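Accompanying notes for the structure given below.
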Amino acid sequence: MPSSRQTEQKINNNIEKASNVAQDEVTRLRAELDEFKRKAGPKVQEAENILCSPTAIGFYQGLVVGVAIVLGYAKYNGGLRL
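Note that my numbering has the sequence shown beginning at 18, numbered continuously upward.
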């Protein structure tokens with residue numbers, strides 16, 4: 018029957034192994050995240066440029082005005098009829 022000291026040492030070794038595995042996994046995931054950020058950077062910038070372009074902003078304004086007109090007309094005529 019193992020002594021409590023041996024049991025404690027086994028537990029500590031298991032904790033140390035689990036800690037090392039977890040640390041390796043965290044390091045791997047951080048490297049993977051950095052790689053994804055590096056690869057996605059140009060696409061994110063391109064999307065921001067497209068979504069903030071004057072053409073896109075004009076579209077958003079037109080959409081808001083169109084929705085306001087439709088809702089105003091519906092309110093004037095007694096509600097939306099689908």
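Ideal Cβ placement from N, Cα and C applies to all residues, glycine included. The structure presented is a predicted model; accordingly, all values stated were derived computationally and were not measured.
Residue range of the unbroken alpha helix (DSSP H) whose run includes residue i
i: Ser-21; result: 21 to 68
i: Leu-80; result: 71 to 93
Alpha-carbon to alpha-carbon, residue j and residue i
i: Ala-73; j: Val-81; result: 12 Å
i: Val-87; j: Val-38; result: 60 Å
i: Phe-76; j: Lys-92; result: 24 Å
i: Ala-57; j: Glu-42; result: 22 Å
i: Gln-78; j: Ser-70; result: 12 Å
i: Gly-95; j: Gly-83; result: 18 Å
i: Lys-27; j: Gln-40; result: 20 Å
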